Structures are given as structure tokens and as C-alpha cells.
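Numbering (my numbering), first residue to last: 209 to 391.
Every residue, glycine too, gets a C-beta built ideally from N, C-alpha and C.
Fair warning: this is a prediction, and the values are worked out from it, not measured in the lab.
Notes follow the structure.
Structure below.
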């Protein structure tokens, strides 16, 4: 019915995909747009042990812009609910001093891009990202032996872990896997 009423673009519009792109192209668009923000957050966290609110806000804003253009309306609510749940759990961990505030906000922003059907994949990738991140930071500390000037996470006495690195690795892997598998 929608094909006859205005062609493929109108059908995409009525399905909530306002860009008129096919789902694989939309998935790649999101992966390409979000990856630089994730890399910036990881580097910033490694250097300063902080993730700027501006970066987390930019990730959330990207969803606010692209979400309505690429998702059906009912999916937007589920994504927002998932982000609220992640933020609630994360701020609980923040209150217990188990996570940094920037890490919590980054997870919340990333949760907006995770489809409910792929939460298990995202959590598995986060677990792998945490292990790889921990090993990578320890290895970098051992290799640099405190000579990495300006990299707070690699300083000799640094005890905290820059979780933004692991979150970024997991989310980049998630985005690119989902984009590659989207048909």
C-alpha cells in the first residue's frame, strides 16, 4: 500500500526511517558517526581519567538527531528506557564509588544505540572490552614505566582504571558488528 502511495521514500518515511536509506546503510551511518566520539572519549579518559560531559552529550545528541530518522517511533521509547535503566544502575555504582560519573554517562549515551534484541551481545562485548582494557592498560604501564607524560591512567601511582577505553572498544565493536550483520 505505501509503495503505491508515494514510492520507496514514502514507505521508509511511514516506517519511521526518514532518511529513506536501507537498514544496512543506516547502521553504517550510525557506526561511522559515533566511532570518532567513542575514540575521543577513550583517549580523553586515558589521558585525563575523565570523560567530558560535552562528549557524552554529543553522543546522546547524535541519537536525538539520527534516532527519529532511522528508527520507528516505538523503538525510540524502548531505547530511551534502556538508557534510563543503564543510568540508574550506573549512578548506583557511582554512589558506591565503583564507577566514575563520566563512565556512567557514557554508558547511558551508548545504551541509546543498543537495540533491545542485541543487549546480550552488547554486554558480552563490554565484558570482553573490560578484560582487554585492563590488560592493555597494565601492559602500557609496564612498557612505559611511568614515562608516559600527560597520560594520567599510565602514571606510576595510578590506581583507577579508565573504563571509557573499555566502553569505547565494546561499543565500536558492537556498532560495526551490527552494521556488518544488518540486512
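Open item on the list: Suppose the cutoff is 7 Å on Cβ atoms and the five residues either side in sequence are ignored; what does the same chain contact list for residue 213 look like?
Closed with: Annotation note: pLDDT 45 at residue 213 (below 50); position unreliable, coordinate value reported separately. Cβ neighbours of residue 213 beyond the five flanking positions: none.
Open item on the list: Can you look up residue 279 in the DSSP assignment and give me helix, strand or coil?
Closed with: Note: residue 279 maps to coil in three-state DSSP.
Open item on the list: Along the chain, where does the alpha helix (DSSP H) containing residue 419 start, and where does it finish?
Closed with: For residue 419 there is no data in the structure shown, the boundaries of the chain being 209 and 391.
- [ ] State the DSSP-derived secondary structure class of residue 231, mapped to helix, strand or coil.
- [x] If DSSP states are grouped into helix, strand and coil, residue 231 belongs with the helices.
- [ ] Just mark residue 293 as buried or exposed, buried being the case when its beta carbon has 16 or more other beta carbons within 10 Å.
- [x] Residue 293 is exposed by the Cβ-count criterion.
Task: Selection from 362, 344, 230, 270 that minimises the alpha carbon distance to residue 352 - done: Closest in C-alpha terms to residue 352, from the list 362, 344, 230, 270, comes 362.
Task: Alpha-carbon to alpha-carbon, residue 303 and residue 296 - done: For the pair residue 296 and residue 303, the Cα-to-Cα distance works out to about 11 Å.
Open item on the list: Using only the alpha-carbon positions, how far apart do residue 343 and residue 354 sit?
Closed with: Roughly 16 Å between the two C-alpha positions.
Open item on the list: Just to check my reading of the structure: residue 254 and residue 370 have Cβ atoms closer than 8 Å, yes? What is that Cβ distance to the nearest angstrom?
Closed with: With a Cβ gap of about 5 Å, residue 254 and residue 370 count as contacting.
Task: Where residue 261 falls, given that 16 or more other Cβ within 10 Å makes a residue buried - done: So residue 261 counts as exposed.
Task: Euclidean distance between Cα positions of residue 290 and residue 318 - done: Near 10 Å, if we compare the C-alpha coordinates of residue 318 and residue 290.
- [ ] Specify, as a first and last residue, the run of the alpha helix (DSSP H) that residue 308 falls within.
- [x] Run containing residue 308: none; DSSP gives neither H nor E here.
Task: Best match in 270, 346, 373 for proximity to residue 240 [C-alpha to C-alpha] - done: If we check each option's Cα against that of residue 240, 270 comes out closest.
- [ ] Report the three-state DSSP secondary structure of residue 259 (helix, strand or coil).
- [x] Reduced to three states, the DSSP call for residue 259 is coil.
- [ ] Sort 251, 235, 246 by Cα distance to residue 345 and report the nearest one.
- [x] The shortest Cα separation from residue 345 among 251, 235, 246 belongs to 251.
Open item on the list: Can you give me the C-alpha to C-alpha distance between residue 210 and residue 386, rounded to a whole angstrom?
Closed with: In this predicted model, residue 210 has a pLDDT of only 40, less than 50, meaning its place in the structure is not dependable; the value taken from the coordinates is given anyway. Here the alpha carbon of residue 210 sits roughly 27 Å from the alpha carbon of residue 386.
Task: Beta-carbon proximity of residue 322 to residue 382, cut-off 8 Å - done: In contact: residue 322 and residue 382 (Cβ atoms closer than 8 Å).
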